[in-house]
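Number of protein chains: 2
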Amino acid sequence: MSKTTTWTAETIAVGSELLLGGRLDTNSLFIAERLAACGIELRYKTTVGDDLSDMVAVLKTALRRARVVILTGGLGPTIDDLTREAVAKATGHRLSRRKAALEGMIARLAEWGRTPTTTQFRQAMIPARAEILSNPVGTAPGFSLVWKGTFLTALPGVPREMEPMVRDGVLPQLRAWMRTQKRLSASPMIRRVLHTSGVPESVVDQALVGLVPKGCTIQLGIYASPMEVMVSLTGPAGAQGGVTIEQLLKEAKARLGDIVYGEEDDTMESVVGRLLNEQKLTLAVAESCTGGLIGHRLTQVPGSSAYVDRVAVTYSNRAKVEMLGVPSGVIQQFGAVSADVAAAMARGIRERSGASVGVSVTGIAGPGGATESKPVGLVYVGLDGGQGEAMTKEFRFHGGDRAVIKQRSSQAALDLLRRWLIKKGC
Amino acid sequence: MSKTTTWTAETIAVGSELLLGGRLDTNSLFIAERLAACGIELRYKTTVGDDLSDMVAVLKTALRRARVVILTGGLGPTIDDLTREAVAKATGHRLSRRKAALEGMIARLAEWGRTPTTTQFRQAMIPARAEILSNPVGTAPGFSLVWKGTFLTALPGVPREMEPMVRDGVLPQLRAWMRTQKRLSASPMIRRVLHTSGVPESVVDQALVGLVPKGCTIQLGIYASPMEVMVSLTGPAGAQGGVTIEQLLKEAKARLGDIVYGEEDDTMESVVGRLLNEQKLTLAVAESCTGGLIGHRLTQVPGSSAYVDRVAVTYSNRAKVEMLGVPSGVIQQFGAVSADVAAAMARGIRERSGASVGVSVTGIAGPGGATESKPVGLVYVGLDGGQGEAMTKEFRFHGGDRAVIKQRSSQAALDLLRRWLIKKGC
Numbered sequence: 033m034s035k036t037t038t039w040t041a042e043t044i045a046v047g048s049e050l051l052l053g054g055r056l057d058t059n060s061l062f063i064a065e066r067l068a069a070c071g072i073e074l075r076y077k078t079t080v081g082d083d084l085s086d087m088v089a090v091l092k093t094a095l096r097r098a099r100v101v102i103l104t105g106g107l108g109p110t111i112d113d114l115t116r117e118a119v120a121k122a123t124g125h126r127l128s129r130r131k132a133a134l135e136g137m138i139a140r141l142a143e144w145g146r147t148p149t150t151t152q153f154r155q156a157m158i159p160a161r162a163e164i165l166s167n168p169v170g171t172a173p174g175f176s177l178v179w180k181g182t183f184l185t186a187l188p189g190v191p192r193e194m195e196p197m198v199r200d201g202v203l204p205q206l207r208a209w210m211r212t213q214k215r216l217s218a219s220p221m222i223r224r225v226l227h228t229s230g231v232p233e234s235v236v237d238q239a240l241v242g243l244v245p246k247g248c249t250i251q252l253g254i255y256a257s258p259m260e261v262m263v264s265l266t267g268p269a270g271a272q273g274g275v276t277i278e279q280l281l282k283e284a285k286a287r288l289g290d291i292v293y294g295e296e297d298d299t300m301e302s303v304v305g306r307l308l309n310e311q312k313l314t315l316a317v318a319e320s321c322t323g324g325l326i327g328h329r330l331t332q333v334p335g336s337s338a339y340v341d342r343v344a345v346t347y348s349n350r351a352k353v354e355m356l357g358v359p360s361g362v363i364q365q366f367g368a369v370s371a372d373v374a375a376a377m378a379r380g381i382r383e384r385s386g387a388s389v390g391v392s393v394t395g396i397a398g399p400g401g402a403t404e405s406k407p408v409g410l411v412y413v414g415l416d417g418g419q420g421e422a423m424t425k426e427f428r429f430h431g432g433d434r435a436v437i438k439q440r441s442s443q444a445a446l447d448l449l450r451r452w453l454i455k456k457g458c
Numbered sequence: 033m034s035k036t037t038t039w040t041a042e043t044i045a046v047g048s049e050l051l052l053g054g055r056l057d058t059n060s061l062f063i064a065e066r067l068a069a070c071g072i073e074l075r076y077k078t079t080v081g082d083d084l085s086d087m088v089a090v091l092k093t094a095l096r097r098a099r100v101v102i103l104t105g106g107l108g109p110t111i112d113d114l115t116r117e118a119v120a121k122a123t124g125h126r127l128s129r130r131k132a133a134l135e136g137m138i139a140r141l142a143e144w145g146r147t148p149t150t151t152q153f154r155q156a157m158i159p160a161r162a163e164i165l166s167n168p169v170g171t172a173p174g175f176s177l178v179w180k181g182t183f184l185t186a187l188p189g190v191p192r193e194m195e196p197m198v199r200d201g202v203l204p205q206l207r208a209w210m211r212t213q214k215r216l217s218a219s220p221m222i223r224r225v226l227h228t229s230g231v232p233e234s235v236v237d238q239a240l241v242g243l244v245p246k247g248c249t250i251q252l253g254i255y256a257s258p259m260e261v262m263v264s265l266t267g268p269a270g271a272q273g274g275v276t277i278e279q280l281l282k283e284a285k286a287r288l289g290d291i292v293y294g295e296e297d298d299t300m301e302s303v304v305g306r307l308l309n310e311q312k313l314t315l316a317v318a319e320s321c322t323g324g325l326i327g328h329r330l331t332q333v334p335g336s337s338a339y340v341d342r343v344a345v346t347y348s349n350r351a352k353v354e355m356l357g358v359p360s361g362v363i364q365q366f367g368a369v370s371a372d373v374a375a376a377m378a379r380g381i382r383e384r385s386g387a388s389v390g391v392s393v394t395g396i397a398g399p400g401g402a403t404e405s406k407p408v409g410l411v412y413v414g415l416d417g418g419q420g421e422a423m424t425k426e427f428r429f430h431g432g433d434r435a436v437i438k439q440r441s442s443q444a445a446l447d448l449l450r451r452w453l454i455k456k457g458c
């Protein structure tokens, strides 16, 4: 079934609106990590609309190629919600109204002072032989069954309902079933991640050539996005071909050096926040082309109010003068997008706020605003730590639209701050 | 092949990191809408890791169940990038280095002052008989071929590369091929979208009960996300069961009233920007709990420098006093999260900036910072237009984390501004 010692899993997300994307999928990582810890590898992810025959076809394919199939969505009360019917049809089990499912639903609604509507009774129709999974948060029960050697479970799509049901219902069932399948010694998969900033994918690729020895089944992944290049090492726990993932991770970090800004779930803003906290420093930011994105990112981190004092988004030149005290002569002489203005912005926000460090960005995000000497993508970042001159750095970002240039500019500014904090902390 | 008059399409996103989710998929909507206009319906979306045999298996399934298959990703230069190999294997075509592909890549790199590395030559290996799709933005060429009656195309996963390649390369090829398939009269699907703000899904649902007459094949979709409830109407062009999509759209707008803030690709920030531009007004924003998100959203819109003057993110109380002139007595008396402080913030930023209108937000995004009387999710938005008292509005957002509360708060503030601008413009 699979060329490694792991079992293959597939998730099926049900819902016509999911075909159109535009929504952040947080279910996959959650499911993939929980399965990996059981030695099961998520290998396929399928999305299908609310169409019975399409769903049955997708289910049949999944039951053929995976040992574990996790369906999410389509368990609601409306006639669009067809997951129960699709599972019944694909496995040849009949649907019937199940007492345990009905009672759970009634109990949940009672907590909210409500009684089931007639349409909600559909939610208690469960395929025969399936075990019911109670939903501690919402009304829709889930269920699990084993069909021709594949473990199949159907869960709500809402993360805060799905997650406890996986933890408290699916995983115990799955582990019990795996034991009956003589898979007691399933080898858990490990995935370790490094985040790098400031260099293109090809540089990371080049640095890691030959990292994984020949014959070793540990997989190296290199993934570029506008803000970073991510490196992952995935494989079974324990030594593979003489090396462990931890050894390779250490080697990768040594090869990559200070372009590695974090590991695992780290983000640039969480790393910078940790460094500021450790050194008991406060931060003020002066943004121009990034428009507030740096502030937004910094304040995504819980507890950031301990070190983020203020952000000034000085979109107009007048705002740069009034909010930051940038001398209007400097703007006239060098232009708003210049190293001199970036330096004056960083110094201005630090001095006015009394924060330990001031960071600034000014640039041309496009599509308008460019001149011959100042193209779209020209960005200056600045940093003033209150000792000597403010430092600045010039960037020329190619081939991105406005949103990408904003992202890359915010990352460059935060990375300058990170490097300064590390130096200072040493 | 399909029970409707439309053709079935499947997208395959390639990349092990995509299996884990956590990244916003904007490709699907773009592809689904372009295909729909050709009478092709996106019915399956598959994600697969960078594993050759998994990719071949997924491709074979797609080639069986869809008439149009669009692969994205896996066209980069590294050995992880296996889309070219997978297509060659699934279709039995050999790979060879193609001159047109190589030249396009060299030309692109030359623009950036670079020459191809040896690994990049892999990007010019294209399956035999495939037509090459030039990439106007990046180095990876795409390609298209027809295999056993199915149109298959492989494109980069990066939206800003993929989108122009679909528009200028894939769609003309696809239309030409459809004509040879006697599909000249393919019935285009139409999808119209309304965006609403400020009410839960159940309210929208209730308002639209019975909108689509029985027997009519036009599909109504209602999709909730943290910032909005989206309504879509999808179906073939022309009257269905006596009504057209345009008629239903008009009726839906009448039923929903002023909670509809936009249509199609509109975002709240683009709508607000249009209104500000039309009325030649400028805007200044004072943010607290949103941390810069409102500024970031406003400045995502090209040309926003015409009306965004400045944003002050006053995270600390001292910043509220210093940057906005909020009286410290008001903060002491009512707390930083209060209607009074929201009003003072909006007034302060407007007066100090000289902008036409000032908007403010203060609230508790959590997880910390809550008190018994001021729970996580309590948010005040304010607006000062320079005439009379600043207006404020209280919100209590339930059941979301920090990121969701920031999103909903930013949407509430922009919606208050939208409603004020519409009233003012009348």
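Listed in order, the protein sequences are those of chains A and F. Sequence positions in the first sequence follow the working numbering and run 33 to 458. Sequence positions in the second sequence follow the working numbering and run 33 to 458. No residue lacks a Cβ here, since even glycine has one placed at the ideal position from N, Cα and C.
In whole angstroms, what is the alpha-carbon distance linking residue i and residue j?
{"i": "A:TRP245", "j": "F:GLU143", "result": "Checking the sequence shown, residue 245 of chain A turns out to be Pro, not Trp. Straight-line Cα distance between these residues: approximately 37 Å."}
{"i": "F:GLU296", "j": "F:PRO109", "result": "36 Å"}
{"i": "F:SER34", "j": "A:ASP86", "result": "Note that F:SER34 scores 33 on pLDDT, short of 50, meaning its location in the model is unreliable; the coordinates nonetheless yield the value given after this. Distance between the alpha carbons of F:SER34 and A:ASP86: 10 Å."}
{"i": "A:PRO439", "j": "F:LEU453", "result": "A small fix is needed here, since residue 439 of chain A is Gln in this sequence, not Pro. Taking the straight line from one Cα to the other gives about 30 Å."}
{"i": "A:LEU107", "j": "F:SER176", "result": "38 Å"}
{"i": "A:LEU243", "j": "A:GLY230", "result": "21 Å"}
{"i": "A:VAL358", "j": "F:ALA316", "result": "19 Å"}
{"i": "F:ASN349", "j": "A:GLY386", "result": "13 Å"}
{"i": "A:SER336", "j": "F:THR394", "result": "15 Å"}
{"i": "F:THR346", "j": "F:ALA402", "result": "18 Å"}
{"i": "F:THR185", "j": "A:PRO191", "result": "33 Å"}
{"i": "A:LEU52", "j": "A:PRO258", "result": "22 Å"}
{"i": "F:ILE254", "j": "F:VAL261", "result": "7 Å"}
{"i": "A:GLY432", "j": "F:MET197", "result": "15 Å"}
{"i": "A:GLU319", "j": "F:ASP112", "result": "38 Å"}
{"i": "A:VAL436", "j": "F:GLY247", "result": "46 Å"}
{"i": "F:GLU421", "j": "F:VAL304", "result": "22 Å"}
{"i": "F:GLY174", "j": "A:GLY47", "result": "30 Å"}
{"i": "A:CYS458", "j": "A:ARG451", "result": "11 Å"}
{"i": "A:THR38", "j": "A:LYS455", "result": "43 Å"}
{"i": "F:GLN205", "j": "F:GLY380", "result": "57 Å"}
{"i": "F:ARG223", "j": "F:SER264", "result": "7 Å"}
{"i": "F:LEU95", "j": "A:PRO148", "result": "44 Å"}
Tell me, to the nearest whole angstrom, how far the beta carbon of residue i is from that of residue j; I am working on the premise that it is less than 8 Å.
{"i": "F:ALA14", "j": "F:ARG126", "result": "It is not possible to answer for residue 14 of chain F, since the shown part of chain F is limited to 33 through 458."}
{"i": "A:GLU117", "j": "A:LEU84", "result": "6 Å"}
{"i": "F:ARG97", "j": "A:ALA64", "result": "Contact flag wrong, Cβ pair sits at about 25 Å."}
{"i": "A:ARG75", "j": "F:ALA351", "result": "Wrong, their Cβ atoms sit about 50 Å apart, outside the cutoff."}
{"i": "F:THR40", "j": "F:ARG99", "result": "6 Å"}
- request: Please specify which runs of the alpha helix (DSSP H), each continuous and at least 4 residues long, are wholly inside the region 37-106 of chain F, giving them in chain order.
  value: 59-68 and 84-97
message: Counting only Cβ-Cβ distances shorter than 8 Å, please list the residues of the region 106-137 of chain A near chain F, keeping chain order.
response: none
message = Quick check for students: name the residue ranges of the beta strand (DSSP E) that lie wholly in the region 352-411 of chain F, counting only runs of 3 or more.
response = 389-395
- prompt: Is the region 421-439 of chain F in contact with the region 232-243 of chain F, if contact means three or more CB pairs nearer than 8 Å?
  reply: no
Requested in this report: With 9 Å as the limit, tell me which residues of the region 309-334 of chain A have their beta carbon closer than that to any beta carbon of chain F; keep them in chain order.
Outcome: THR314, ALA316, VAL317, GLU319, CYS321, THR322, GLY323, GLY324, LEU325, ILE326, GLY327, HIS328, ARG329, LEU330, THR331, GLN332, VAL333 and PRO334
Listed from N- to C-terminal order along the chain, which residues in the region 79-109 of chain F have their beta-carbon within a distance smaller than 9 Å of any beta-carbon of chain A? THR79, VAL80, GLY81, ASP82, ASP83, SER85, ASP86, ALA89, VAL90, THR93, ARG97, GLY108 and PRO109
key: Continuous beta strand (DSSP E) assignments of at least 3 residues falling wholly in the region 170-226 of chain A   = 174-179 and 182-187
Threshold first: 4 residues or longer. Then list the alpha helix (DSSP H) segments lying entirely within the region 271-356 of chain F, N to C. 277-288, 300-310, 325-330 and 349-356
- Item | Selection of the region 245-272 of chain A by Cβ proximity to chain F, strictly under 9 Å | GLN251, LEU252, GLY253, ILE254, TYR255, ALA256, SER257, PRO258, MET262, SER264 and THR266
With a threshold of 8 Å, are at least 3 pairs of Cβ atoms found where one atom belongs to the region 56-65 of chain A and the other to the region 60-76 of chain F? no
For the region 264-276 of chain F against the region 232-241 of chain F, do three or more pairs of beta-carbon atoms, one drawn from each stretch, fall closer than 8 Å, so that the two count as touching? no
Continuous alpha helix (DSSP H) assignments of at least 4 residues falling wholly in the region 106-135 of chain A: 115-123
| said: Tell me whether the region 278-294 of chain A and the region 280-289 of chain F touch, counting them as touching only if at least three CB pairs, one residue from each stretch, are closer than 8 Å. | reply: no
Original post:
Is the region 324-331 of chain F touching the region 320-331 of chain A, taking contact as three or more C-beta pairs under 8 Å?
Top reply: yes
Chain-ordered residues of the region 53-65 of chain F with a beta carbon less than 8 Å from chain A: GLY53, GLY54, ARG55, LEU56, ASP57, THR58, ASN59, SER60, LEU61 and ALA64
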